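Here's the structure we're looking at; comments come further down.
Number of protein chains: 4
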Amino acid sequence: MQTLGLALMGTGRMAHVYGPKINAHPGLRLEVIYNPRMTSAEKAAGQYGGCAMDDLDAVLANPKVDAVVIATPTDTHVDYIEAAARAGKPIYCEKPLDQSLERVDRAMAALDAHPVPFMLGFNRRFDPDNAALRAAVKRGEVGRLTMLMSWSREPSPPPIDYVRASGGYFVDATIHDIDLICWIAGERPVEVMAAGSCMFDARIGAEGDFDMTMTTLRMPSGALVHINNSRSCAYGFDQRMEVFGDKGMVQTLNHRDDNLVRWDKTRTVAREPLKHFFLERYDQSFYNALDEFHAAVTTERNPSASAQDGRAALAIALACSQSAKTGSAIKPDYEQCLRE
Amino acid sequence: MQTLGLALMGTGRMAHVYGPKINAHPGLRLEVIYNPRMTSAEKAAGQYGGCAMDDLDAVLANPKVDAVVIATPTDTHVDYIEAAARAGKPIYCEKPLDQSLERVDRAMAALDAHPVPFMLGFNRRFDPDNAALRAAVKRGEVGRLTMLMSWSREPSPPPIDYVRASGGYFVDATIHDIDLICWIAGERPVEVMAAGSCMFDARIGAEGDFDMTMTTLRMPSGALVHINNSRSCAYGFDQRMEVFGDKGMVQTLNHRDDNLVRWDKTRTVAREPLKHFFLERYDQSFYNALDEFHAAVTTERNPSASAQDGRAALAIALACSQSAKTGSAIKPDYEQCLRE
Amino acid sequence: MQTLGLALMGTGRMAHVYGPKINAHPGLRLEVIYNPRMTSAEKAAGQYGGCAMDDLDAVLANPKVDAVVIATPTDTHVDYIEAAARAGKPIYCEKPLDQSLERVDRAMAALDAHPVPFMLGFNRRFDPDNAALRAAVKRGEVGRLTMLMSWSREPSPPPIDYVRASGGYFVDATIHDIDLICWIAGERPVEVMAAGSCMFDARIGAEGDFDMTMTTLRMPSGALVHINNSRSCAYGFDQRMEVFGDKGMVQTLNHRDDNLVRWDKTRTVAREPLKHFFLERYDQSFYNALDEFHAAVTTERNPSASAQDGRAALAIALACSQSAKTGSAIKPDYEQCLRE
Amino acid sequence: MQTLGLALMGTGRMAHVYGPKINAHPGLRLEVIYNPRMTSAEKAAGQYGGCAMDDLDAVLANPKVDAVVIATPTDTHVDYIEAAARAGKPIYCEKPLDQSLERVDRAMAALDAHPVPFMLGFNRRFDPDNAALRAAVKRGEVGRLTMLMSWSREPSPPPIDYVRASGGYFVDATIHDIDLICWIAGERPVEVMAAGSCMFDARIGAEGDFDMTMTTLRMPSGALVHINNSRSCAYGFDQRMEVFGDKGMVQTLNHRDDNLVRWDKTRTVAREPLKHFFLERYDQSFYNALDEFHAAVTTERNPSASAQDGRAALAIALACSQSAKTGSAIKPDYEQCLRE
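For the record, the sequence lines run as chains S, B, U and H. All residue numbers for the first sequence refer to this note's numbering, where the first residue is 78 and numbers rise by one. All residue numbers for the second sequence refer to this note's numbering, where the first residue is 78 and numbers rise by one. All residue numbers for the third sequence refer to this note's numbering, where the first residue is 78 and numbers rise by one. All residue numbers for the fourth sequence refer to this note's numbering, where the first residue is 78 and numbers rise by one.
Listed below in structure tokens is the structure:
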């Protein structure tokens with residue numbers, strides 16, 4: 078197996094997700110951990126290995142760095158993409174690309190000018206259940222797709238600072254469901270209608286954001302999509318999909334810490350509450366996403382989740398935000414994506 | 078138990094549902110079967126008993142007729158309601174009241190002028206599972222309600238003549254989900270957004286109607302509602318509800334002809350396909366609805382499903398139709414319902 | 078539908094089960110309620126109708142009595158069977174026939190001498206799920222039967238007086254599983270091995286009886302059977318079957334008061350506790366058993382559960398008792414059943 | 078983490094299970110692969126690394142070998158245990174210890190004379206579900222244990238040569254269920270009753286062995302145990318446990334390749350067939366078992382599954398064989414185990 082030396086850009090929450098996965102992958106080698114603040118880089122390098130660096134040019138000039146994994150704050154993604162593309166380094170970038178279509182288009186222009194393999198971290202595509210669901214659909218198990226549904230309910234609202242910087246609930250969270258649905262359906266919506274409310278955390282409403290939303294997408298084939306999101310869920314991180322076609326339906330199940338079934342005086346055939354949150358539920362998917370990146374780079378093929386996929390998902394999420402504010406159906410702006 | 082003598086108005090499909098249920102109820106007595114065509118009345122009387130009559134005035138003047146069950150074509154409901162109200166007879170009327178708000182308001186005016194016990198046949202309220210769901214919600218099992226979902230998928234599209242006369246998919250079918258949701262939530266939407274498509278039966282689309290819809294309701298409390306309807310479903314009559322609140326979730330399960338679990342070379346823990354259609358799935362609910370009517374009339378209390386409930390459900394369904402056509406959120410017209 | 082006039086013999090617990098079912102059946106008419114103590118008969122007649130009688134000869138001579146339903150104490154069954162057979166009355170007798178094979182053989186001799194339609198009240202055969210299970214097996218869904226399992230766990234131990242008079246746990250309770258298994262398998266065991274223990278109610282052990290047992294039956298075909306019984310069960314009346322063959326497996330599910338699925342902070346996909354006990358769980362089966370009796374008598378065919386079935390089940394249960402005491406495999410004594 | 082250098086003894090089926098798991102474990106290093114035939118050792122070393130050796134004394138004298146993993150044919154286990162114990166090397170030995178209690182006692186004498194950490198490969202204890210089941214039971218979730226059940230049904234009969242060398246179905250397969258049950262219950266049976274049959278593969282019967290068995294164990298506490306084994310199962314490798322106590326019940330669920338739920342014209346809520354066989358189902362457990370061995374050796378504590386556990390399980394399995402032949406309850410011979 079060909080080994081890729083990686084520079085891990087960033088030392089925040091997502092960097093702590095990728096560090097151990099890089100170390101566990103037999104084809105990846107953590108060469109550099111980069112942070113413009115050297116003390117942060119050194120601390121992370123102490124945990125996961127690799128060489129701590131605070132000089133971007135030096136990182137990208139390092140001949141042992143075969144590719145970069147961008148796990149920095151969202152508003153810096155585009156800058157690092159531009160720099161890495163110019164340096165000719167394959168790029169794995171945590172989602173979202175950015176919160177603005179304009180800046181995303183700048184990143185895409187850079188990738189056009191300096192074509193390097195690029196993969197966006199839509200990790201849920203690499204969850205074994207979601208992948209099995211798509212495979213079943215592609216095999217024709219449910220026939221022609223007519224109605225698709227996706228639930229994503231988080232265990233509890235994030236800190237209000239996170240909400241403020243998130244770009245809004247649709248851009249921050251619904252974007253995952255949007256990407257999954259488009260990837261499974263094999264098409265992107267021509268129109269969206271969304272409704273939002275705030276019933277769990279009044280501070281979120283005070284920021285003009287929602288903590289629960291219902292989104293409808295209309296696909297070019299006529300298929301309809303429902304996405305159900307909530308910032309709070311008493312029983313854990315509720316993640317379900319349901320694909321209904323003219324021959325039948327396939328659903329995915331939630332995950333728990335154990336596979337026991339309990340019977341007692343108050344409840345029967347009961348299961349544990351769900352996995353707590355995305356790190357627990359989608360742990361394997363992050364590893365699989367890096368594996369996809371490794372396989373694509375080493376075999377010189379395009380990785381599964383492209384910059385165009387990221388731009389489209391953002392355009393759809395922004396349309397949802399606008400629909401929820403205006404009460405009208407909105408057509409997503411795909412104009413810049415036509416070169417695909 | 079006090080016995081009520083009933084006049085069954087009509088001899089069509091729904092009359093054949095109510096006939097045997099009336100006979101099975103210890104407190105109901107089938108006194109008259111009415112149809113303006115005497116041969117139809119006589120045929121039905123031969124099946125279910127009672128006296129065949131074709132003269133409306135005579136039916137309503139009959140001292141043995143304590144109440145009427147209206148199971149005639151929808152566009153005649155209002156006329157019979159007016160006549161029966163004038164005659165002082167308690168009324169059970171199959172849903173919908175009518176397809177037009179103007180005519181519904183005429184019926185309501187008649188009921189105002191001649192107050193008699195009136196019950197609309199929203200039979201799904203009387204399904205034991207739906208009733209248990211509402212009771213669980215009222216007990217506070219899921220806390221404050223935030224998101225409610227209702228699925229109603231029919232096994233196969235109806236004849237095109239039925240579609241033409243149906244008032245559209247929202248008025249014909251979604252109205253059931255709408256009533257259930259309002260009854261469980263204890264509130265009515267301030268705004269609706271709906272999307273429709275036609276992927277199963279092109280003849281339905283040619284009539285300007287939909288054969289699959291996704292509907293979003295916004296409640297005054299902030300709660301959001303998703304209703305999922307389809308005129309076709311490979312595995313039977315799919316009827317599910319999911320009520321999600323800040324303390325948890327309660328769902329209802331589908332019904333089948335047997336309770337066996339099958340394991341073989343291709344599938345495990347498998348169950349039979351679902352009950353075929355509404356007569357099979359909701360058989361008990363029709364009996365229970367008549368039982369509610371009997372109990373309300375004999376104890377002089379209001380039955381569960383009022384004319385106002387029927388008018389509101391129609392107003393919501395019409396708003397859904399309009400939203401699906403315009404792509405805008407629509408406020409239902411409740412004006413006439415304020416006297417409640 | 079031909080109507081049968083019935084004499085209900087007995088006014089105890091089981092008579093209170095059969096009374097309302099007889100009244101609800103359109104082809105049965107409760108003509109007489111018999112108890113040698115007239116006040117008891119009169120009290121029951123006050124509840125269910127029929128003529129109270131305390132004179133057995135008069136009951137059997139009554140021309141309006143077309144058949145008898147014996148629901149008296151077990152040790153009087155054989156006497157009433159003999160009397161009714163002599164009088165030429167078709168007989169429905171609550172199980173068990175008796176606790177002694179000698180007395181059962183006396184009843185069978187009477188039925189030989191005076192052949193009348195005879196049905197034993199193995200009501201669980203008439204439970205819709207058990208009937209569907211057998212039908213699936215007969216259709217060949219699981220192929221050749223190899224291993225059959227039956228669970229019957231009661232919610233709580235009976236009063237100690239009941240235990241004393243019960244004939245032992247195998248004769249009182251396991252006999253139901255034995256009959257079901259033989260009926261489904263279409264064969265009777267050549268050998269049984271059983272083990273018993275007493276862990277729930279020490280008073281039962283003090284009587285020399287068990288409150289939990291595990292029984293193994295070996296069938297002539299080679300098929301093996303496991304029966305799992307307990308006098309106590311925290312979550313209700315646990316009733317399950319599992320039939321495993323060379324093509325797959327079919328299981329039956331437990332019943333509950335509602336069909337809701339609950340999700341909260343401590344448990345997910347949880348259901349209610351099970352139906353409390355046999356009256357709740359098998360309510361429909363008693364009605365269906367009377368329906369089978371009615372159908373068999375009016376069409377002059379043999380009812381489903383014969384006296385021979387009852388004798389065989391008793392012989393097997395007695396062999397289980399003996400095996401549990403001796404620790405050896407025991408062959409049931411079928412000698413008297415050969416005439417079948 | 079302290080690293081242990083391992084000698085993997087044997088190159089057969091189980092060695093191919095352990096080789097990759099040793100390589101994947103951060104604290105284990107595959108130092109030597111031993112087979113008395115050098116070509117076999119070299120071939121395996123080519124696959125998994127390590128130094129191929131055919132000289133047992135040299136292996137045990139190798140200072141880089143900190144411990145041995147014995148995965149040779151069962152009838153050689155005792156010889157290798159004696160040699161490794163004399164050499165002072167910690168031992169992980171694939172189950173069973175041996176098929177004869179006499180030879181097992183020889184191994185145990187060697188371990189008494191030369192005490193080294195010893196762990197028997199009862200891998201199913203290290204399956205996460207079985208471990209969670211035991212933990213739930215130890216937490217008191219079901220109260221006092223009264224009835225325990227274990228199902229183990231294999232997808233298809235093994236080659237007849239395997240059957241001939243297996244020591245019989247109870248010793249080869251039931252021994253796993255026996256060990257799990259004793260480990261969960263915290264006690265060992267005082268008496269066993271077993272029944273066997275041969276309905277799937279007549280060649281197995283011709284060897285005097287069974288291809289399906291039902292086993293009953295009686296525990297000192299009074300608890301009863303049912304074990305259900307089959308050499309054939311149409312829907313895969315059926316692995317279930319059910320622990321019933323005075324407060325409730327806990328069950329474990331089967332595993333599948335995906336977590337999808339399918340609905341179509343013939344079946345609803347259906348799942349895939351089960352994992353094919355033990356390598357697929359218990360893959361993780363082998364890794365976890367080696368992890369337990371590593372943790373025990375490096376922290377100088379006793380590993381979970383002792384030689385005494387192995388001897389007791391064999392004694393119980395042999396008692397089952399005898400019971401199935403004689404039709405009598407048999408007391409297992411634990412005499413040699415008293416020093417525990």
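Note that CB positions come from ideal geometry on N, CA and C, so glycine has one too. As the structure is a prediction and not an experimental result, all values here were calculated from the model.
Taking a contact as a CB-CB distance under 8 Å, the pair PHE199(S) and ASP256(S) counts as one, their CB atoms being some 5 Å apart.
In the DSSP assignment, the residues bridged to ILE304(H) are SER227(H), THR292(H). Here VAL338(U) is not near LEU337(B), since their CB atoms are 8 Å or more apart.
DSSP, read as helix, strand or coil, puts ARG211(B) in helix. Within 10 angstroms of the beta-carbon of ALA101(U) lie fewer than 16 other beta-carbons, which makes it exposed. Here the C-alpha atom of ALA84(H) lies approximately 17 Å from the C-alpha atom of ALA373(H). Here DSSP, grouped into helix, strand and coil, assigns MET86(B) to strand. By alpha-carbon distance to ASN112(S), the top candidate from THR149(S), ASP249(S), PRO236(S) is THR149(S).
The alpha helix (DSSP H) runs lying completely inside the region 345 to 411 of chain B and spanning 4 residues or more are 355 to 358, 360 to 376, 384 to 403, given in chain order.
Under DSSP, THR329(H) takes part in a beta bridge, and its partners are LEU337(S).
At a cut-off of 8 Å, the C-beta of ALA162(S) has no neighbouring C-beta in chain H. Taking C-beta atoms under 8 Å as the contact rule, SER233(H) and ASP323(U) fail to qualify, at a distance of about 11 Å. The beta-bridge partner set that DSSP reports for TYR111(U) consists of MET86(U), MET130(U).
Counting along the chain, VAL155(S) sits inside the alpha helix (DSSP H) bounded by residues 154 to 163. Residues PHE314, GLN316, HIS332, LYS352 of the same chain have their beta carbon placed closer than 7 Å to that of ARG358(H), with the five preceding and five following residues left out of the count. Using a Cβ-Cβ cut-off of 9 Å, HIS303(B) is close to MET226, MET291, THR293, HIS303, ASN305 of chain S, given in chain order. Legend: CB atoms of the region 311 to 325 of chain B lying less than 9 Å from CB atoms of chain H belong to residues ALA311, TYR312, GLY313, ASP315. Distance between GLU268(S) and MET224(S), taken at the CA atoms: about 15 Å. CA-CA distance, MET115(B) to PHE363(B), rounds to 26 Å. Contact between the region 174 to 184 of chain H and the region 202 to 211 of chain H is absent: fewer than three C-beta pairs spanning the two stretches fall below 8 Å. Under a criterion of Cβ atoms nearer than 7 Å, the residues of chain S adjacent to TRP340(U) are, in order, TYR312. A straight-line Cα-Cα distance of about 10 Å links VAL136(U) and GLU108(U).
Contact between the region 118 to 126 of chain U and the region 92 to 99 of chain U is present: three or more C-beta pairs spanning the two stretches fall below 8 Å. The three-state reading of DSSP puts MET78(S) in coil, since its state is none of H, G, I, E or B.
The Cβ atoms of THR293(B) and THR251(B) lie no closer than 8 Å to each other. Counted as a single uninterrupted DSSP element, the alpha helix (DSSP H) harbouring LEU188(B) occupies residues 178 to 190. Not a single CB atom of chain S sits nearer than 8 Å to the CB of LEU197(H). Apart from sequence neighbours up to five positions away, the residues of its chain that approach ARG201(H) with a beta-carbon distance below 7 Å are ASN207, HIS253, LEU257, TYR359, SER362, ordered along the chain. If you draw a 10 Å sphere on the C-beta of GLN79(B), you find fewer than 16 other C-beta atoms in it, and that means exposed.
Here CYS310(H) carries a coil assignment [DSSP, helix/strand/coil]. Contact check for GLY273(U) against THR290(U) passes: the beta carbons are separated by less than 8 Å. A direct Cα-to-Cα measurement between SER405(H) and CYS397(H) gives close to 10 Å.
If you check each beta-carbon in the region 346 to 360 of chain H against every beta-carbon of chain B, the ones closer than 8 Å belong to VAL346, ALA347, ARG348, GLU349, PRO350, LEU351. In the DSSP assignment, LEU174(B) falls outside any beta strand (DSSP E), carrying neither H nor E. In this structure ALA283(S) is exposed. Its beta-carbon is surrounded by fewer than 16 other beta-carbon atoms within 10 angstroms.
Contact with chain H is found for SER274(U), since one of that chain's Cβ atoms lies less than 8 Å from the residue's Cβ.
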